[in-house]
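Mind the numbering: the sequence shown is residues 10 to 73 in my numbering, read in order. Note sheet for the following structure.
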Amino acid sequence: MQKDSKKVTYMFSNLIGFLETNIIEGTASQEENTLYEDYKLFGTIDKKSYTYKNLVHKYLKSNY
């Protein structure tokens, strides 16, 4: 169980890095910018949101 928790944390931190890279490069959508701003303000992300699920899908398809 502990090992799975580490995988989730690792993937989440990579996902945040992927999102930050997209924002810096100017390729992030407005919804992704809002998702990141909410993460910075509140420290959480709504993992049930369409934007988050779409971001995960883009991350998994990327070479990041």
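All C-beta atoms in this analysis are idealised placements derived from N, C-alpha and C, irrespective of residue type, glycine included. Since the model is a prediction, treat every value here as computed from it, not as a measurement.
The beta carbons of Thr60 and Glu40 sit closer together than 7 Å. Collapsing the DSSP output to three states places Lys56 in coil. In this structure, the straight-line span from the alpha carbon of Ile54 to that of Leu69 is close to 18 Å. Where Thr43 is concerned, the enclosing alpha helix (DSSP H) starts and stops at Gln39 to Phe51. The C-beta of Phe27 has 16 or more other C-beta atoms within 10 Å across all chains shown, which makes the residue buried.
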